[in-house]
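One structure below.
In the working numbering, the protein residues as written are 41 to 218.
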């Protein structure tokens, strides 16, 4: 989830009028390995790493980064929302990760439908994990529990210092019934 937060911060920096870039230094070896296994890492905007990040050959990428959406696929794990941004998804050390960032018009968002989607995903796959949603005005946090839909959500109002955006991040593991 930390990597998804970093990518969204980079996107916000890059999309401001000065086109700033986040310079990331002092990465741990685990963080470097995670970045190296991202399919599409060359498309990342707004983040510059101070270290050599090789492309790993002969290994299947466990994480995928792509701009906005796959244009020729109707099979999307994350709901399609309008706006410029990225999707980041995959699995790492037994956990599933789904993250999305969109910039643009906040009036085109349907947050209740997005929250309903998270609740349905949680019930359908019997998951345990974390759900985080951030907009330019608010942040939402929810701990996903097996066999429960979306219950109480921690909500925090934010000072609006960024252009309109939406960042969603889920990290979870599926709980199997014994």
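Where is the CB? At the ideal position from N, CA and C, for every residue including glycine.
| query | result |
| --- | --- |
| Alpha carbon to alpha carbon, how far is residue 48 from residue 126? | 9 Å |
| In this structure, how does DSSP classify residue 179 when only helix, strand and coil are distinguished? | strand |
| Assign residue 211 to buried or exposed, taking buried as 16 or more other Cβ atoms, counted over all protein chains shown, within 10 Å of its Cβ. | buried |
| Counting pairs of Cβ atoms below 8 Å between the region 74 to 88 and the region 160 to 173, do you hit three or more? | no |
| Which two residues bound the contiguous beta strand (DSSP E) that contains residue 188? | First-last for residue 188: undefined, no H or E at that position. |
| Residue 138 to residue 177, Cα distance in whole Å? | 22 Å |
| On a Cα-Cα basis, can you pick out the residue from 73, 205, 133 that is closest to residue 213? | 133 |
| Judging by CA-CA distance, which residue of 174, 92, 191, 90 is the nearest neighbour of residue 44? | 174 |
| Per DSSP, which residues does residue 127 bridge with? Please list them. | 106, 140 |
| With respect to the alpha helix (DSSP H) encompassing residue 54, which residues constitute its N-terminal and C-terminal limits? | 42 to 54 |
| Quick one: what's got a C-beta closer than 8 Å to residue 102's C-beta in the same chain, skipping five residues either side? | 77, 130, 131, 132 |
| Grouping DSSP H, G and I as helix and E and B as strand, with all else coil, what is residue 158? | helix |
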